[in-house]
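> One structure, as structure tokens, below. Some questions next.
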Amino acid sequence: LYVEECYANQGPIMKRIRPRARGTAYRIEKRMCHITVVLNER
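If you're matching positions, the sequence shown starts at 1087 in our numbering and goes up one per residue.
Here you go:
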């Protein structure tokens, strides 16, 4: 087997909040991806 092609597409984004000074909030986006690997026989 060998890798014929592989690529990463955008996946869902997890939105999180980190507390900051004086009661404000800072939004964090944790990005994920979909990894696709296509195998083939020689």
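Each residue gets a CB set at the ideal place from its N, CA and C atoms; glycine is no exception. Predicted model only: the values in this text are computed from it and were never measured.
Given this structure, state the Cα-to-Cα distance separating E1090 from I1121, to the nearest angstrom.
Mapped onto the sequence shown, residue 1090 falls at position 4. Mapped onto the sequence shown, residue 1121 falls at position 35. Taking the straight line joining both Cα atoms gives about 14 Å.
> Leaving out five residues before and five after R1104 in sequence, what residues of the same chain have Cβ atoms less than 6 Å from its Cβ?
One-based indexing of the sequence shown puts residue 1104 at position 18. Here the set comprises Y1112 and I1114.
> Taking the alpha-carbon positions, what's the L1087 to N1095 distance?
Counted from its first residue, the sequence shown places residue 1087 at position 1. Counted from its first residue, the sequence shown places residue 1095 at position 9. Spanning the two alpha carbons is a distance of roughly 23 Å.
> In the DSSP assignment, find the unbroken beta strand (DSSP E) run with E1115 in it and report its ends.
On the sequence shown, residue 1115 is found 29 positions in, with the first residue counted as 1. Following the DSSP letters along the chain, one finds E1115 inside the beta strand (DSSP E) bounded by residues A1111 to N1126.
> Closest by CA to M1100, which one among R1106, V1124, C1119 and N1126?
Stepping through the sequence shown from its first residue, residue 1100 is reached at position 14. For M1100, the nearest C-alpha among the options comes from C1119.
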